[in-house]
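Report on one structure; see the data block that follows.
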Amino acid sequence: MNTSDQKTPGESGLYNRIAVLRAERGISRQQLADAMGVNYQTIGFLERGEYSPSLKLALSLGEYFGLPVEAIFSKQPLQPLSQQVYGKQPTQASAQEETTS
Amino acid sequence: MISADSTLFGHSLARRRTRRWLVAAFWGGLVPLLCVGFHELFFIARGTFSLNTLNFALLAIFWITIWLGGVRAGGWVKPFRAQTKVRNILQSLFAKPQPTQGELTAQELAMDEREINRRDHIHFVAYSIARNMTLFLFTLYCMLGFWKQELLRQTGPLIFFLLTITLWSLPQTLILWTEPDLEPEAEPVIVKEKRT
Chain A
318 MNTSDQKTPG
328 ESGLYNRIAV
338 LRAERGISRQ
348 QLADAMGVNY
358 QTIGFLERGE
368 YSPSLKLALS
378 LGEYFGLPVE
388 AIFSKQPLQP
398 LSQQVYGKQP
408 TQASAQEETT
418 S
Chain B
409 MISADSTLFG
419 HSLARRRTRR
429 WLVAAFWGGL
439 VPLLCVGFHE
449 LFFIARGTFS
459 LNTLNFALLA
469 IFWITIWLGG
479 VRAGGWVKPF
489 RAQTKVRNIL
499 QSLFAKPQPT
509 QGELTAQELA
519 MDEREINRRD
529 HIHFVAYSIA
539 RNMTLFLFTL
549 YCMLGFWKQE
559 LLRQTGPLIF
569 FLLTITLWSL
579 PQTLILWTEP
589 DLEPEAEPVI
599 VKEKRT
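Read top to bottom, the protein sequences are chains A and B. Numbering-wise (this note's numbering), the first sequence opens with residue 318 and increments by one. Numbering-wise (this note's numbering), the second sequence opens with residue 409 and increments by one.
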C-alpha cells in the first residue's frame, strides 16, 4: 500500500493525504468507506486524486480524522507530515524511501 | 455501479478488458445479428410489419436488456445499480436485487456521490452521441425519401430499430467501456503494531 503523500494531483487537480492518514490510524479502505457512507472504490478514487469530493464528504473526512479539511486536501503539493509538524527537511534516507514507495 | 465480484462466464467484470470484450461482442456480434434478423423478417413480409417482425423486435429488446441491463431494467450486467448481485436471469430481469450475504442497509444499496456523478455524466455523454446520431439518421431517412423510396420502405424500420437499440444500451456501453479496473473488495485490515 502506498502510504506516502500524493505526488501528483490526478484528474481532480487536488492533492490529499487520505492514504497516509488511513495507514497511520490502521484502517482499511472498506472501514473508512463504511464510516463515510460511500463505496470503498470511491476511497480509492479519492486517494489517487481521480475524484473531487463534495464539500459534505470533505468535511466528513476532516471530522473523522479530527483534522481541518485543508490538512487533508490541498491545491498545492502537500509537504510530508514530519516536515510540516517539526519543520524539518526530509533526510536523504526518508526522501529516498518516499520516492520508492 | 459495477460490482467488483460480478462475473460473466467466469471472468471478473472488475477488469476493464473483460467489460470491453462484452461491449465488443454486443456491438460487433449481437446488434448486427439482430439487425439482419429484423431486416430479413421485414423483407419477407414484403415491407410491412407482420406479427413475426413485431415478435422479433420485442425479443431483441429483451436480449438487449439481458446483456447490458439498464438504469431500472434488469440484466446480468447492472452498471448503474449499487452492490447488485443477481442469482439468475429471471431475477435479473424482473425482481428487485437482493444482497447475497448479510443484510445491507438502504444506504449501502444506494449509489454514493461519485457513482451518481459518474452516472449523470455518462448519461450526458450518451445523450450527446444519441442526439447527433438521431440527426444523422433523420437526414438519411429524408434523403432516402427523396431519391430512393423503395430503399426507404425497406430500411426505414431498420433505422428506427437501430436507434432503439442505441438509446437503450448506449449509457451502459459507455460506463462499461470507460470505468477503470476495480480494486478487489476484500482489502486486508491493517493491524497496528503494539508497543511494549
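Glycine residues also receive a C-beta, built at the ideal position from the N, C-alpha and C atoms.
Next item on the list: Could you tell me whether any Cβ in chain E is nearer than 9 Å to the Cβ of residue 523(B)?
Entry: The structure shown has no chain E; the protein chains it does contain are A and B.
Note to self: By DSSP's criteria, residue 390(A) is part of a beta bridge. Which residues make up the other side?
What the structure shows: According to DSSP, which records beta bridges pairwise, residue 390(A) is partnered with 333(A).
Next item on the list: Determine the extent of the alpha helix (DSSP H) in which residue 580(B) is found, giving its start and end residues.
Entry: It spans 557–586 - the alpha helix (DSSP H) in which residue 580(B) sits, taken as one unbroken run.
Next item on the list: Kindly list, in the order they appear in chain B, the residues whose Cβ is closer than 8 Å to that of residue 371(A).
Entry: Residues of chain B passing the Cβ test: 521.
Check: In chain order, what residues of the same chain have a beta carbon less than 7 Å from the beta carbon of residue 386(A), not counting five sequence neighbours either side?
Finding: Excluding residues within five positions, the ones whose Cβ falls inside 7 Å are 375, 376, 379.
Next item on the list: Let me know the secondary structure DSSP gives residue 377(A) once reduced to three states.
Entry: DSSP places residue 377(A) in helix when its eight states are reduced to three.
Next item on the list: Output yes if chain A places a C-beta closer than 9 Å to the C-beta of residue 584(B); else output no.
Entry: No, no contact with chain A.
Next item on the list: Write down every uninterrupted run of the beta strand (DSSP E) in the stretch 410–450 of chain B whose length is 3 residues or greater and which is fully enclosed by it, in chain order.
Entry: Taken in chain order, no unbroken stretch of beta strand (DSSP E) lies wholly in the stretch 410–450 of chain B with a span of 3 residues or more.
Margin query: Looking at chain A, is there any beta carbon in it that lies within less than 9 Å of the beta carbon of residue 509(B)?
Written below: Legend: pLDDT at residue 509(B) = 49, less than 50; position of this residue unreliable, value from coordinates given subsequently. With 9 Å as the cut-off, residue 509(B) does not count as an interface residue toward chain A.
Check: Cβ of residue 355(A) less than 9 Å from any chain B Cβ?
Finding: Judged by the 9 Å Cβ criterion, residue 355(A) is in contact with chain B.
Next item on the list: Answer yes if the stretch 549–556 of chain B comes into contact with the stretch 569–581 of chain B, meaning at least three C-beta pairs across the two stretches below 8 Å, and no otherwise.
Entry: The stretch 569–581 of chain B vs the stretch 549–556 of chain B: no contact.
Next item on the list: Establish whether the CB of residue 368(A) and some CB of chain B are separated by less than 9 Å.
Entry: Taking Cβ atoms only, chain B reaches closer than 9 Å to residue 368(A), which makes this a yes.
Check: Do you know offhand how far residue 420(B)'s Cα is from residue 427(B)'s?
Finding: Going by the C-alpha atoms only, they are around 9 Å apart.
Item checked: Pair within 9 Å by beta-carbon distance, residue 328(A) and residue 366(A) -> Yes.
Check: Using the beta-carbon count (16 or more within 10 Å), is residue 520(B) buried or exposed?
Finding: Around the C-beta of residue 520(B), 16 or more other C-beta atoms lie within 10 Å, and the residue is accordingly described as buried.
Item checked: residue 332(A) versus residue 522(B) - alpha carbon distance -> Residue 332(A) and residue 522(B): Cα-Cα distance of roughly 17 Å.
Note to self: In the DSSP assignment, the alpha helix (DSSP H) including residue 398(A) goes from what residue to what residue?
What the structure shows: Element bounds for residue 398(A): 398–403.
Notebook entry, point to check: Using the C-alpha atoms, what's the distance from residue 537(B) back to residue 474(B)?
Noted result: Residue 474(B) and residue 537(B): Cα-Cα distance of roughly 23 Å.
Next item on the list: Assess, as a yes-or-no matter, whether the stretch 554–571 of chain B is touched by the stretch 393–406 of chain A under the definition of 3 or more beta carbon pairs within less than 8 Å.
Entry: The stretch 393–406 of chain A, when compared against the stretch 554–571 of chain B, does not touch it at the 8 Å Cβ threshold.
Item checked: Under the three-state DSSP convention, the category residue 591(B) falls into -> In this structure, residue 591(B) counts as coil in the three-state DSSP scheme.
Notebook entry, point to check: Of all Cβ atoms in chain A, is any one closer than 9 Å to the Cβ of residue 566(B)?
Noted result: Interface annotation, residue 566(B): not in contact with chain A, CB-CB separation never under 9 Å.
Item checked: Contacts around residue 347(A), its chain only, beta-carbon distance under 6 Å, and the 5 residues preceding and following it disregarded -> The residues are 357.
Check: Between the C-alpha atoms of residue 464(B) and residue 439(B), what's the straight-line distance to the nearest angstrom?
Finding: When rounded, the separation of the alpha-carbon atoms in residue 464(B) and residue 439(B) is 13 Å.
Next item on the list: Keeping to the same chain, check which residues put their C-beta closer than 7 Å to that of residue 531(B); ignore five residues upstream and five downstream.
Entry: Apart from the 5 residues on each side of it in sequence, residue 531(B) sits with its Cβ closer than 7 Å to the Cβ of 579 in its chain, given in chain order.
Item checked: Cβ neighbours of residue 575(B) in the same chain (closer than 8 Å, five flanking residues each side left out) -> So the qualifying residues of the chain are 538.
Check: Less than 9 Å separating the beta-carbons of residue 472(B) and residue 442(B)?
Finding: Result yes, Cβ atoms of residue 472(B) and residue 442(B) sit closer than 9 Å.
Checklist line | Nearest candidate by alpha-carbon position, reference residue 364(A), set 334(A), 345(A), 391(A), 354(A) | finding: For residue 364(A), the closest alpha carbon among the candidates 334(A), 345(A), 391(A), 354(A) is that of 334(A).
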